[in-house]
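Engineer: Okay, here's the structure, questions in a sec.
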């Protein structure tokens with residue numbers, strides 16, 4: 001049995017793990033082959049559902065690319081990157097990304113994801129972004145955020161009456177954006193209805209896998225983690241980064 | 001005491017953690033503020049040392065951006081992205097990145113990092129890339145890889161006689177690239193002299209933190225992880241993804 005087959009047997013238990021597939025052309029053995037090219041623009045466009053990730057200057061790098069890694073090989077969900085005007089943006093660490101769409105040209109999104117980062121500080125007052133979030137949220141199956149992206153969702157009003165979490169280092173600032181949200185100070189991520197919000201940066205990767213579980217099943221989520229040799233922190237309640245008083249602090 | 005100050009006290013024990021700083025302009029309180037913009041092209045260029053990351057079509061997304069997250073706030077190391085001709089490349093998941101340099105224009109790199117991904121399958125025969133790796137390796141303080149990036153280092157010959165590891169799903173293919181490398185089938189990452197190679201995808205994030213420890217100290221590495229709310233898998237020997245015969249497999 002080849003190594004790929006061994007790993008396949010180990011993680012691909014259950015038929016729904018077929019969700020973790022590069023594209024329609026992949027054979028079983030290729031599904032977990034890290035050398036297989038998994039992106040094919042043609043296939044992405046043809047996929048029946050779209051996961052849209054909002055990009056802006058000074059987004060936090062891993063907020064976006066942890067989820068991209070975990071969502072990037074789903075059988076029927078393609079990835080779409082959206083910026084306000086469709087022009088390139090730069091992450092907090094200087095990564096220059098070219099989006100696929102502007103707010104105007106973006107297709108209806110099945111999953112909307114708003115990352116965090118320094119850029120959110122000014123964007124909580126950005127009418128165009130808030131309108132885009134409201135419009136996409138009307139038709140989305142899932143509306144999600146990583147880190148301080150929750151501040152954008154909160155200011156757009158889509159989290160009103162919902163439980164949510166955010167980056168623990170920026171917790172007070174995010175909480176101050178809306179009194180209508182039930183903010184959770186201790187959670188790796190929070191699911192309330194179709195709203196899934198995660199704590200800071202790398203918590204987004206764990207949230208992304210939790211969403212794979214909701215979209216497909218737990219086996220699919222475990223397979224997505226295993227392909228990336230990722231230790232999934234799969235307990236949303238476990239949050240060592242939660243804000244709490246220090247002894248003698 | 002503010003939340004940021006509490007977290008700062010918790011993780012910033014020891015003066016060398018000052019390494020985790022956005023840039024020269026950062027005040028203490030801003031060091032762990034996820035809302036602070038940490039990238040300033042002027043400051044990056046002025047930083048005395050450069051971490052260069054090689055990009056190519058079909059690089060594996062998280063191979064690059066996990067390390068970018070962990071290396072992106074070092075006090076005196078700037079990040080530089082390099083592609084063969086300096087033109088944009090696309091990751092395996094369709095992320096379109098604009099590099100800073102071509103192989104010809106890249107400055108001498110203190111740290112060289114080669115990621116993995118589907119693109120490495122053809123690049124092990126790419127004379128221009130192998131020559132770039134050899135040239136940069138001559139002057140580097142650290143030469144590193146994530147995932148199947150080790151195949152590139154191996155084919156360039158810079159790992160001859162060195163211990164190294166790589167993605168466990170692609171282990172046999174990478175091993176077949178060079179008999180002169182001492183391949184380790186069970187390791188999250190391997191350090192041999194100035195050569196640091198990691199296992200697949202997310203193992204690169206853990207390797208990146210290990211390098212922060214070598215460049216600065218353990219406190220700095222822990223601080224970089226904490227800012228990203230990242231659970232550092234800090235034991236290079238712990239490798240649940242290692243290739244091994246399955247019971248009855």
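Residue numbers (the UniProt record's numbering), protein chains in the order written: chain R, 1 to 249; chain E, 1 to 249.
Glycine included, every Cβ here is placed at the ideal spot set by N, Cα and C.
With DSSP as the reference, please indicate the residues paired to residue 216 (chain E) in a beta bridge.
Structural biologist: Per DSSP, none; premise fails for residue 216 (chain E).
Engineer: Need the endpoints of the beta strand (DSSP E) that residue 191 (chain E) sits in, please.
Structural biologist: 189 to 192
Engineer: Taking one C-beta from the region 61 to 72 of chain R and one from the region 98 to 116 of chain R each time, how about it: are there three or more such pairs within less than 8 Å?
Structural biologist: yes
Engineer: Note down, in chain order, every chain R residue with its Cβ under 9 Å from the Cβ of residue 97 (chain E).
Structural biologist: Here the neighbours are 95, 96, 97, 98.
Engineer: With DSSP as the reference, identify every bridge partner of residue 81 (chain E), one or two as the case may be.
Structural biologist: E:53
Engineer: My output table needs one value for residue 29 (chain R): the three-state DSSP class, helix, strand or coil.
Structural biologist: Low local confidence applies: a pLDDT of 32 at residue 29 (chain R) is under 50, so the model's placement there is unreliable, with the coordinate-based value given in what follows. In this structure, residue 29 (chain R) counts as helix in the three-state DSSP scheme.
Engineer: Counting along the chain, where does the alpha helix (DSSP H) carrying residue 142 (chain E) start and finish?
Structural biologist: No alpha helix (DSSP H) contains residue 142 (chain E), which is instead part of the beta strand (DSSP E) from 142 to 145.
Engineer: Answer with yes or no whether the minimum CB distance from residue 203 (chain R) to chain E is below 7 Å.
Structural biologist: Interface flag for residue 203 (chain R) against chain E is set, since a Cβ pair is found closer than 7 Å.
Engineer: Using beta carbons (cut-off 7 Å, strictly below), is residue 103 (chain E) in contact with chain R?
Structural biologist: no
Engineer: Let's test the definition: count the other Cβ atoms within 10 Å of the Cβ of residue 235 (chain E) and tell me whether it reaches 16, buried, or not, exposed.
Structural biologist: exposed
Engineer: What does the Cβ neighbour count give for residue 239 (chain R), buried or exposed, with the cut at 16 atoms within 10 Å?
Structural biologist: buried
Engineer: Would residue 165 (chain E) pass as an interface residue toward chain R - the criterion being a Cβ-Cβ separation below 7 Å?
Structural biologist: no
Engineer: Which residues of chain E have a Cβ atom closer than 9 Å to the Cβ of residue 199 (chain R), listed in chain order?
Structural biologist: Simply 229.
Engineer: Taking the C-alpha atoms as reference points, what is the distance between residue 241 (chain E) and residue 131 (chain R)?
Structural biologist: 44 Å
Engineer: Per DSSP, what kind of secondary structure is residue 69 (chain R) in: helix, strand or coil?
Structural biologist: helix
Engineer: When the Cα atoms are used, what is the spatial distance from residue 153 (chain R) to residue 92 (chain R)?
Structural biologist: 20 Å
Engineer: I'd like the span of the alpha helix (DSSP H) that includes residue 175 (chain R), first residue to last.
Structural biologist: 171 to 175
Engineer: Beta carbons nearer than 7 Å to chain R: which residues of the region 57 to 74 of chain E have them?
Structural biologist: 58, 60, 61, 62, 65, 66, 68, 69, 72
Engineer: Going along the chain, which residues of its own chain have a beta-carbon closer than 6 Å to the beta-carbon of residue 82 (chain E), five neighbours each way excluded?
Structural biologist: 52, 54, 99, 101, 106
Engineer: Please decide whether residue 79 (chain R) counts as near chain E, where near means a Cβ-Cβ distance under 7 Å.
Structural biologist: yes
Engineer: Would you mind sorting residue 178 (chain R) into buried or exposed? The rule is 16 or more other CB atoms within 10 Å of its CB.
Structural biologist: buried
Engineer: At the 7 Å Cβ level, is residue 241 (chain E) part of the contact set with chain R, yes or no?
Structural biologist: yes
Engineer: Alpha carbon to alpha carbon, how far is residue 191 (chain R) from residue 145 (chain R)?
Structural biologist: 11 Å
Engineer: Pick out whichever of R:79, R:171, R:232, R:227 has its Cα sitting closest to the Cα of residue 47 (chain R).
Structural biologist: R:79
Engineer: Compute the Euclidean distance between the alpha carbons of residue 104 (chain E) and residue 155 (chain R), then round it to the nearest angstrom.
Structural biologist: 46 Å
Engineer: State the start and end residues of the unbroken alpha helix (DSSP H) segment that holds residue 285 (chain R).
Structural biologist: For chain R, the structure presents residues 1 to 249; residue 285 (chain R) sits outside this window and is missing.
Engineer: So, helix, strand or coil for residue 197 (chain R), using DSSP?
Structural biologist: Strand.
Engineer: Give a yes or no on whether the C-beta atoms belonging to residue 59 (chain E) and residue 117 (chain E) are separated by under 7 Å.
Structural biologist: yes
Engineer: Leaving out five residues on either side along the sequence, give the residues of the same chain with a beta carbon under 7 Å from the beta carbon of residue 200 (chain R).
Structural biologist: 147, 167, 168, 169, 241
Engineer: At what residues does the alpha helix (DSSP H) containing residue 181 (chain R) begin and finish?
Structural biologist: Unbroken run through residue 181 (chain R): none, as it is neither H nor E.
Engineer: Would you call residue 72 (chain E) buried or exposed, if buried means 16 or more other Cβ atoms sit within 10 Å of its Cβ?
Structural biologist: By the neighbour-count rule (16 or more Cβ atoms within 10 Å), residue 72 (chain E) is buried.
Engineer: Whole angstroms are fine: how far does the CA of residue 108 (chain R) sit from the CA of residue 229 (chain R)?
Structural biologist: 32 Å
Engineer: For residue 84 (chain E), which of E:94, E:119, E:50 has the nearest alpha-carbon?
Structural biologist: Selected option, being the one with the closest Cα: E:119.
Engineer: Comparing the CB of residue 113 (chain R) with every heavy atom of the ligand NAD, is any distance shorter than 6 Å?
Structural biologist: Because no ligand of any kind appears in the structure shown, any question about the ligand NAD cannot be addressed here.
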